[in-house]
Every structure is written in C-alpha cells, then in structure tokens.
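All you need for our numbering is the position in the sequence shown, starting with 1, plus 9. Each residue gets a CB set at the ideal place from its N, CA and C atoms; glycine is no exception. Predicted model only: the values in this text are computed from it and were never measured.
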Amino acid sequence: MEVAVRYQDLDAKSYRRERERQTSVGMNFYIRDHNLKIQTDYSFRNLEDTEDRGLYQIQLQLDF
Numbered sequence: 010m011e012v013a014v015r016y017q018d019l020d021a022k023s024y025r026r027e028r029e030r031q032t033s034v035g036m037n038f039y040i041r042d043h044n045l046k047i048q049t050d051y052s053f054r055n056l057e058d059t060e061d062r063g064l065y066q067i068q069l070q071l072d073f
C-alpha cells in the first residue's frame, strides 16, 4: 500500500480560460507488484468562476 499527494497548477490560456489548481490525496494498492494494482484519489479542485470543487477517481491497472 502506498500513500500519494500531488499539487497541480494549470494556467494554459490556449487550452481554457479558467485557471485550475488541484490538490490530490490518494492510495495505491499493489496486488501483484506493478502488474495489478488499484489506484484511488480525491482531488480538491479550485477553478476560477465555478463551484465545481471535488473529483473522486478509482482505477484498476492490469499489465500482462
């Protein structure tokens, strides 16, 4: 099991008008090393001119 934290700051005027900042906290569960794992995280989003604040993701990765 692994804990992860990430901070992002997107200020790309050619991509979108609003600046976006995210702070994410997540966990990775390694079932068979990196070949089979579950990743989950919650992102606290700060978008200019919007009330959209949170994003939850869960992913399953399988390599063979």
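Top-ranked residue by Cα proximity to residue i, from the options
i     : options                    : result
Thr32 : Asn55, Arg41, His43        : Asn55
Gln17 : Ile40, Phe53, Phe73, Asp61 : Phe53
Ala13 : Glu27, Val34, Lys22, Ala21 : Val34
Glu27 : Leu71, Thr49, Asn37, Thr59 : Thr59
Glu29 : Met10, Gln70, Gly63, Leu69 : Gly63
Tyr65 : Met36, Arg41, Leu71, Phe73 : Met36
Asn44 : Gln70, Asp50, Leu19        : Gln70
CA-to-CA distance, residue j to residue i, given in whole angstroms
i     : j     : result
Ile47 : Tyr24 : 30 Å
Tyr39 : Asp50 : 15 Å
Met10 : Ala21 : 34 Å
Arg41 : Ile67 : 18 Å
Asp72 : Asp61 : 33 Å
Element boundaries [beta strand (DSSP E), containing residue i]
i     : result
Tyr16 : 11 to 19
According to DSSP, residues forming a beta bridge with residue i
i     : result
Tyr65 : Tyr51
Going residue by residue through the stretch 27 to 61, where are the continuous beta strand (DSSP E) segments of at least 3 residues, counting only ones entirely within it?
29 to 41, 45 to 56
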